[in-house]
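Undergrad:
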Amino acid sequence: RDLVRLSDTRETHDACQMGREERFFACNSALEVDLFGQINLEWQAGRPVSGVGGAPDFAAAGLASPGGRSITMLPANGKGRDDRPDRRTA
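If you're matching positions, the sequence shown starts at -2 in this note's numbering and goes up one per residue.
1) Kindly indicate the opening and closing residues of the beta strand (DSSP E) around residue 52.
2) Could you say which of 57, 27, 48 lies nearest to residue 14 if we only look at CA atoms?
3) Using CA coordinates, which residue listed in 72, 78, 68 is at the minimum distance from residue 22?
4) By alpha-carbon positions, which one of 20, 9, 6 ends up nearest to residue 62?
5) In its own chain, which residues sit with a C-beta less than 7 Å from the C-beta of residue 52, not counting the 5 before and 5 after it?
6) Are residue 54 and residue 10 closer than 8 Å when you measure CB to CB?
7) With 16 other CB atoms within 10 Å as the buried threshold, where does residue 59 fall?
8) According to DSSP, simplified to helix, strand and coil, what is residue -1?
Take a look at the structure:
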């Protein structure tokens, strides 16, 4: 099997095509998630900071993939050992 293969975006970003791959894990970042499960990918402090891009397609592919998953990563704030803020992804 090839270690690296370059492909057209019609293949690499097509939810149906990606969803046929076994164990496809879609890891998308988000700024926040509300109590209804709605995900904010774009706005922070009233201004746009990014675009949706292919996040919905990748999430759908992760859910459709046999053995795959859709994972939403959120920023987390905490304190490190020296009491300085330590920003990580949860």
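Idealized CB from N, CA, C, for every residue including glycine. Bear in mind the structure is a predicted one, so any value in this text is a computation, not a measurement.
TA: By the coordinates alone:
1) Here residue 52 refers to the residue found at position 55 of the sequence shown. Residue 52 -> not in any beta strand (DSSP E); alpha helix (DSSP H) instead, spanning 52 to 61.
2) Residue mapping note: residue 14 aligns to position 17 of the sequence shown, counting from 1. For residue 14, the nearest C-alpha among the options comes from 57.
3) The count along the sequence shown starts at 1 and reaches residue 22 at position 25. Closest by alpha carbon: 68.
4) Reading the sequence shown from its first residue, position 65 is the one you call residue 62. The option with the nearest alpha carbon to residue 62 is 20.
5) The residue given as residue 52 occupies position 55 in the sequence shown. So the list reads 25, 38, once near-sequence residues are dropped.
6) Indexing the sequence shown from 1 puts residue 54 at position 57. Indexing the sequence shown from 1 puts residue 10 at position 13. Yes, Cβ-Cβ distance for residue 54 and residue 10 is below 8 Å.
7) Taking the sequence shown and counting its residues from 1, the one referred to as residue 59 is at position 62. That one is buried.
8) The residue you call residue -1 lines up with position 2 of the sequence shown. Coil at residue -1, not helix or strand.
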